[in-house]
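Notes follow the structure.
Residue numbers (our numbering), protein chains in the order written: chain A, 66 to 312; chain B, 134 to 207.
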C-alpha cells in the first residue's frame, strides 16, 4: 500500500509508534524513526521493526521540543531517505497529577513535546509536501483530548490542542493535496498503560464496549489507512480507536 | 529578463505546474492564480533559493515588482 513512499514516525521506537513504523515498513515504505535518544533500547526496537533487516528503516535521534534540532533532523532525513510523503506525529509523554499538584515543568514538558513538538515537526516537513503537492499527516491525539480525564489536565490539553492543529492544517493545505488527520486512541497496551495495576485495568475495561484493552496494532491499522491513498478524500478528521470507550 | 526575474518565474511556474512562458511578470499575483498563502510559501522558497531576505508589502503585487525589490536589496 505504501510502496515507494517515505514515512517519518516520531516516538517510533515504542508502543504505538513502533507498531506504526513496522506496519508502514511491511507495506513497502521507507521509514525514518525519530526517538529522543540513539539508545540501546531504540536500536533494539529498530531490530524489532525490521527483523529481517530487509526494510529501509533508519533511526534519528532528536528532541522534538527543540525546533532547531527538528529542522536539522528533517533536512537530514530528506537528504538520506528522500522526499517525505507521510508524517506520523506520535511522540508524546504523560506527567499525570491533579491540577494543583502539577508543577510548571509538568505542564511545560507535556505541552512542549506533545503539542509544540507536533507543530515543529509538521512545520519542518510541510514545505517539502507543498513542493511535492502531496502528503499525509497523521497526528496522534487521544480520546482524553475529546472527553477529558481526571489527573490528566496537562495531557488532555495537549491532545485537544493537537485536534485543533490537525483541523487547521487540513484546511490550510487541503488545496495542496496534503491531508491531515488525527487518531484518538483509547486505552492501548503500551508503556503508558503499564503503569496501571490490574485492578485499574479491570475498572477501565468495564467502561469499554469492546471489553479488552487495545493493541498498538489496532492503531497502526488505522494509521496505514490514513497514510495510504485509500483515504484520499478524508482530511481534518479525528478517528477514535478506543473500543467504544467514548461513544 | 534578468537572472532574478527568471529564477522567480521558474519557481512560480513549477509551483503552479505551468510552463515558464505562461507566467506573466506584470499581471497581479492573484491573476496568475496565487492567493496570499501561496505567496507566503513562495516568498519562503524564493528566499531560500536566491539567498535573500524579502519583506513583502502591499505594493509588491507582481513578479516585476518582486524582482525589483530583491535587486534593490542586493
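Glycine residues also receive a C-beta, built at the ideal position from the N, C-alpha and C atoms.
**Message:** Which residue marks the beginning of the beta strand (DSSP E) containing residue 200/A, and which one marks its end?
**Reply:** Note, residue 200/A: beta strand (DSSP E), 200-205.
**Item:** Closest by C-alpha distance to residue 232/A, when choosing among 190/A, 303/A, 71/A
**Value:** If you compare the alpha carbons of 190/A, 303/A, 71/A with that of residue 232/A, the shortest gap goes to 303/A.
**Asked** Alpha carbon to alpha carbon, how far is residue 192/B from residue 169/B?
**Response** If you take the alpha carbons of residue 192/B and residue 169/B, they lie about 14 Å apart.
**Asked** Quick one: complete alpha helix (DSSP H) runs, 4+ long, within the segment 74-115 of chain A?
**Response** Whole alpha helix (DSSP H) segments, 4+ residues: 80-91, 105-114.
**Prompt:** Between which two residues does the alpha helix (DSSP H) containing residue 156/A stretch?
**Reply:** Segment: none, residue 156/A is in no alpha helix (DSSP H) and carries neither H nor E.
**Message:** List, in chain order, every chain A residue whose beta-carbon is nearer than 8 Å to that of residue 182/B.
**Reply:** Result: empty, since nearest Cβ-Cβ is about 11 Å, beyond 8 Å.
**Asked** Is it the case that the Cβ atoms of residue 305/A and residue 311/A are separated by a distance below 8 Å?
**Response** Yes.
**Asked** Going by other Cβ atoms of all chains shown within 10 Å of its Cβ, with 16 needed for buried, is residue 189/B buried or exposed?
**Response** Residue 189/B is exposed by the Cβ-count criterion.
**Request:** Assign residue 229/A to buried or exposed, taking buried as 16 or more other Cβ atoms, counted over all protein chains shown, within 10 Å of its Cβ.
**Result:** Per the 10 Å Cβ criterion, exposed.
**Terminal residues of the alpha helix (DSSP H) in which residue 175/A lies** = Element bounds for residue 175/A: 169-175.
**Prompt:** For a contact meaning CB atoms closer than 8 Å, what does residue 268/A contact in chain B?
**Reply:** When 8 Å is used as the limit between beta carbons, residue 268/A is near no residue of chain B, the shortest such separation being about 48 Å.
**Asked** Are any of the Cβ atoms in chain B nearer than 8 Å to that of residue 244/A?
**Response** Interface criterion not met: the Cβ of residue 244/A is under 8 Å from no Cβ in chain B.
**Asked** Cβ of residue 223/A within 8 Å of Cβ of residue 179/A?
**Response** Contact: yes.
**Request:** Give the single residue among 294/A, 109/A, 308/A, 164/A whose Cα lies nearest to the Cα of residue 244/A.
**Result:** Its Cα nearest to that of residue 244/A, the residue 294/A stands out among 294/A, 109/A, 308/A, 164/A.
**Request:** Determine which residues share a DSSP beta bridge with residue 304/A and list them.
**Result:** In the DSSP output, where bridge partners are listed per residue, residue 304/A has 248/A.
**Request:** Would you list, in chain order, the members of the segment 123-154 of chain A that have their beta-carbon closer than 9 Å to a beta-carbon of chain B?
**Result:** Listed in sequence order: no entries.
**Asked** Of all the CB atoms in chain B, is at least one closer than 8 Å to the CB of residue 236/A?
**Response** No, residue 236/A does not count as interfacial toward chain B.
**Request:** Give the interface partners of residue 155/B over in chain A, defined as CB-CB distance under 7 Å, in chain order.
**Result:** One finds nothing in chain A with a Cβ atom closer than 7 Å to the Cβ of residue 155/B; even the nearest lies about 17 Å away.
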